[in-house]
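Here the structure comes first, spelled out in C-alpha cells, and everything after it is commentary.
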Amino acid sequence: MKYIYLFFLLFIYAGTTIAQNTAINFFRADVTQQNHVYLCWELKSGYTCNGINIYHSTDNNNFSLIGDIQGICGSVGNAERYYFTHHTPQLNSINYYMIELGANGDRYFSQTVVYALNEQGYTIFPNPSNGVFNFYFNNVLNEIITVTLFDLQGKMIASQTTTTNSLILDLMSLESGFYFYTISAINISANGKLIKL
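According to my numbering, the sequence shown is numbered sequentially starting from -9.
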C-alpha cells in the first residue's frame, strides 16, 4: 500500500503568528514527495546570528539535535531564507521542531501532525469511534471537499464541506451502528463505512 504523508502546521510560538519583535518572519514545515518534512524559515532583514541549530521532538519536552547550519546567518540588508529536510519524521503523531539562532539562544517552535493517507488521498481516525470522526485529506490546493453521510437505507443524514486538510464529523447524537460516507472533490472520489460504537 502506498502512503502519502500529510502535515498540518501549527505555530506554537506567540499563538498562531510570529510576534513582531522576533528575529524571524515565519517558520513552517511542508511535506516533500519523498515523504520528508521540509522546514523553512526566514530571518528578518537586519538580523544576523552565528549558526542555527535544528531540533526535533515527539513529546515537546525532549528535543534532539537533527542538524545545524554553521557560520554567520542572516543579512543586514535583506531577509534570508533557510531550509532543512528532516528525513525521518514520526508517523501518526505530532512532530515538534525547534530552531535555535546562534549564541543568543533565540528559539522558535513549530509542530506538524503526520498522518499516513491511503492511496485515494484521505484517512479517517478513529474508525470505529464513539461518535467523533476526524477526516484528513491531501488538499494542498485548498479545494472544496464534501463529505456526505448516509444511513443503511441510503437516506442522507449529514453533509459537510471544507477547503482545508481536515474535517471533523460529529455523530454523537446518532445511534450506534454502521453509516456510509462519500467524499467528493476534484482530486478525491471515495466512499466507505463508518462504525459508531
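Yeah, the Cβ is synthetic: ideal placement off N, Cα and C, and Gly gets one too.
Computed from a prediction, not measured in an experiment: that's the story for all the values here.
Mind checking who residue i pairs with in its DSSP beta bridge?
i    : result
A69  : In DSSP, A69 forms no bridge with anything.
D58  : N43
A148 : L139
G64  : T38
D96  : L91
Cα separation between residue i and residue j?
i    : j    : result
S174 : D141 : 18 Å
I56  : G121 : 39 Å
D58  : N68  : 21 Å
T172 : P118 : 17 Å
S47  : N82  : 14 Å
Q60  : I134 : 43 Å
Y72  : L187 : 47 Å
V130 : I44  : 25 Å
Y112 : G182 : 11 Å
I8   : L161 : For I8, the pLDDT reaches just 47, beneath the cut-off of 50, and the residue's location in the model is therefore unreliable, although a value from the coordinates is still provided. Cα to Cα, I8 sits roughly 36 Å from L161.
W31  : R18  : 6 Å
I176 : Q110 : 12 Å
F1   : I89  : With a pLDDT of 31 at F1, under the threshold of 50, the modelled position of that residue is not reliable, and the figure given next carries that caveat. Cα-Cα distance, rounded: 13 Å.
Y98  : S179 : 39 Å
D20  : L29  : 7 Å
G167 : N15  : 49 Å
T6   : G144 : Residue placement at T6 is poorly supported in this model, since its pLDDT is 31, which falls under 50; the coordinates still yield a value, given next. When rounded, the distance between both Cα atoms is 41 Å.
T136 : Q150 : 6 Å
S65  : L91  : 13 Å
Considering only the alpha carbon of each residue, which of the options lies closest to residue i?
i    : options                   : result
V104 : L159, N94, N51 and Y87    : Y87
F189 : T75, R18, L184 and I135   : Any answer about residue 189 is impossible in this case: the structure gives the chain only from -9 up to 187.
Y164 : A148, I84 and T113        : Looking at the sequence shown, residue 164 is not Tyr but Leu. Minimum Cα distance to L164 is reached at A148.
S54  : N85, Y28 and N15          : N85
Y37  : V27, T12 and H26          : T12
N51  : G144, T152, Q101 and I158 : Q101
T78  : K145, G144, V27 and T138  : V27
N155 : F170, L139 and F127       : F127
Terminal residues of the continuous beta strand (DSSP E) containing residue i?
i    : result
V122 : V122 to F127
T113 : Y112 to F115
D160 : S156 to D160
S179 : S179 to K186
S163 : It is not in any beta strand (DSSP E) - S163 carries neither H nor E in the DSSP assignment.
E109 : Segment: none, E109 is in no beta strand (DSSP E) and carries neither H nor E.
Using the three-state DSSP reduction, which class does residue i fall into: helix, strand or coil?
i    : result
M88  : strand
E133 : coil
N15  : strand
I173 : strand
H76  : strand
D20  : strand
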